[in-house]
Ligand SMILES: CC(C)(COP(=O)(O)OP(=O)(O)OC[C@H]1O[C@@H](n2cnc3c(N)ncnc32)[C@H](O)[C@@H]1OP(=O)(O)O)[C@@H](O)C(=O)NCCC(=O)NCCS
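Numbering (the working numbering), first residue to last: 93 to 250.
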């Protein structure tokens with residue numbers, strides 16, 4: 093499999109949403125309600141992919157988009173000095189092939205402009221947490237949403 097990572101554009105929105113929705117519904121079964129790839133979601137993503145606040149990349153596997161990642165300044169807490177991994181998702185057909193790690197390395201390279209970075213994930217989601225730990229993120233004990241979401245942190249330059 094040939095993998096290429098490139099900056100995302102608004103034109104990628106339909107395929108990005110397909111992957112986001114499929115990976116959400118496969119990964120969060122029993123944890124979150126299923127979601128749909130409707131026109132409104134595609135339109136929101138087209139706007140997000142084109143904004144200046146967040147940087148987005150897609151991974152192409154043998155020429156087809158198979159994953160995405162986005163980073164930007166932290167939204168919770170709001171802190172322009174703190175980086176945030178916004179979203180990472182891989183097409184379920186490509187899970188456990190290293191694509192997520194590949195995308196994460198791109199994100200971490202860009203996050204190195206910050207001293208530290210955070211991300212929020214579900215509390216009862218060991219698969220996601222194993223993935224984050226495999227790229228040296230750690231749970232720092234911060235929670236929100238009544239403990240349903242947990243913060244992970246990355247000490248980027250250490
Ligand atoms: C999390 C996600 C991005 C991982 O993508 P991926 O391409 O499968 O990740 P990789 O193949 O690079 O996996 C790297 C390591 O992470 C860990 N890991 C990944 N998926 C795992 C799982 N389901 N269970 C346990 N560990 C897992 C493993 O240590 C794995 O290494 P290994 O395959 O050599 O054992 C993908 O599963 C996904 O899109 N999930 C749905 C959305 C999601 O969970 N997003 C992030 C949380 S909010």
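Even for Gly, the Cβ is constructed at its ideal location relative to N, Cα and C.
- Here DSSP, grouped into helix, strand and coil, assigns residue 244 to strand.
- The C-beta of residue 191 has 16 or more other C-beta atoms within 10 Å across all chains shown, which makes the residue buried.
- Counting only the Cα atoms, residue 136 lies some 13 Å from residue 110.
- Contact check for residue 99 and residue 134: beta-carbon distance about 19 Å, past the 8 Å limit, so the pair fails to qualify.
- Pairing residue 196 with residue 161 gives a Cβ-Cβ distance under 8 Å.
- Annotation for residue 214: 120, 123, 124, 220, 240, 241, 242 place their beta carbon closer than 8 Å to its own, counting only its chain and skipping 5 residues before and after.
- Within its own chain, the residues whose Cβ lies closer than 6 Å to the Cβ of residue 234, once the five positions on either side in sequence are excluded, are 243, listed in chain order.
- Residue 186 and residue 148 have their C-alpha atoms some 19 Å from each other.
- Between ligand 1 and the CB of residue 192, the shortest heavy atom gap is smaller than 7 Å.
- In this chain, residue 128 is not harboured by any beta strand (DSSP E), its DSSP state being neither H nor E.
- DSSP places residue 193 in the uninterrupted alpha helix (DSSP H) bounded by 191-203.
- As a beta-bridge residue in DSSP terms, residue 180 pairs with 161.
- Sequence-distant partners of residue 176 (beyond 5 residues in either direction) whose C-beta falls short of 7 Å from its own C-beta, in its chain, are 163, 164, 165, 166, 167, 209, 210, 211.
- Judged by their CB atoms, residue 141 and residue 203 are not nearer to each other than the 8 Å cut-off.
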